[in-house]
Amino acid sequence: MPDILETYRIENVDQAAQLLHPLRGEILSRLMQPASAAEVARALGQPPQRINYHMKALEKVGLIRRAGTRQVKNLVEVLFQAVARTYILADTLGLGEAEQKRLQEQRSLTHLIQVSERIKADALRLLDQTEERQEIPSATLEAPLYLRDEAEREQFLQDYVELVQQLAAKYQHDDGNPYQLTLAVYPQPGKERDSDGEA
């Protein structure tokens with residue numbers, strides 16, 4: 012199985028274009044571990060033929076590579092894996108401001124998916140390690156939030172991070188038990204408001 016890089020520098024316009032494609036960016040996020048086109052298609056709720064087409068495009072520009080094969084009944088499935096977990100855009104690409112912003116947003120969504128999958132994996136491991144009737148100290152907080160514009164969103168995130176850093180500094184102890192703190196803020200899908208303020 013090929014090793015996956017932590018970061019990969021994008022210096023090729025063709026590679027950058029693939030990252031800007033919403034579906035192909037999502038496919039990349041599903042290939043942190045080797046998987047077939049059929050597995051990715053099931054995870055994304057897409058036809059296998061469509062996912063296979065986009066995976067060939069990603070392979071062509073070198074963003075994914077073959078990671079082995081697997082026998083499934085009478086078929087041999089080809090497994091693919093992303094070349095890296097995160098991608099860095101080279102300054103020499105000369106992309107416009109709009110393209111750079113879109114690529115940054117795509118990377119953020121990809122990272123959000125990776126984090127959510129890691130939380131799920133950690134929770135399953137904790138369940139496996141838990142003795143019967145033993146309670147694992149964990150907490151989850153969810154809250155809807157309505158922000159007027161991008162400037163207000165940026166200010167909220169800045170204040171949010173500062174508050175969390177203050178709390179972390181207050182309760183951090185070198186001799187304490189290790190906990191993982193994860194924070195996520197993202198738009199609610201399908202609930203954007205129009206110009207009149209209607210949802």
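Residue numbers (this note's numbering): 12 to 210.
Ideal placement from N, C-alpha and C gives every residue a C-beta, glycine not left out.
Relative to the C-alpha of residue i, which residue among the options is closest?
i    : options               : result
P33  : L55, M43, T151        : L55
M43  : E17, D170, V24, Y64   : E17
K131 : T151, V196, Q29       : T151
R129 : E22, R41, P59, R53    : R41
S127 : Y197, A78, R20        : Y197
L30  : A95, D160, D170       : A95
A213 : R77, G79, L168        : What is shown of the chain runs 12 to 210, which leaves residue 213 out entirely.
A93  : K67, D133, H184, Q183 : K67
V175 : L192, Q145, P45       : L192
T97  : R159, V51, S149, A27  : A27
What is the DSSP secondary structure of residue i, counted as helix, strand or coil?
i    : result
L152 : coil
Y157 : coil
E209 : Per-residue confidence for E209 stands at a pLDDT of 47, beneath the threshold of 50, marking its modelled position as unreliable; the derived number appears in the next sentence. In the structure shown, E209 sits in coil (DSSP, three-state: anything other than H, G, I, E or B).
G36  : helix
V196 : coil
R41  : coil
L16  : strand
Y190 : coil
I21  : strand
I99  : strand
D185 : coil
For residue i and residue j, which I take to be in contact (beta-carbon distance under 8 Å), what is that distance rounded to the nearest angstrom?
i    : j    : result
L74  : L39  : 6 Å
I147 : L135 : Not a contact, Cβ separation roughly 12 Å.
L69  : R35  : 6 Å
Taking residue i as part of the alpha helix (DSSP H), name the residues at either end of that continuous run.
i   : result
R61 : 59-71
R53 : 48-55
Q26 : 24-31
With residue i as the anchor, note down where its beta strand (DSSP E) starts and where it stops.
i   : result
A93 : 86-93
A78 : 75-83
Item to check | the stretch 67-84 contacting the stretch 153-160, beta-carbon criterion three pairs below 8 Å | outcome: no
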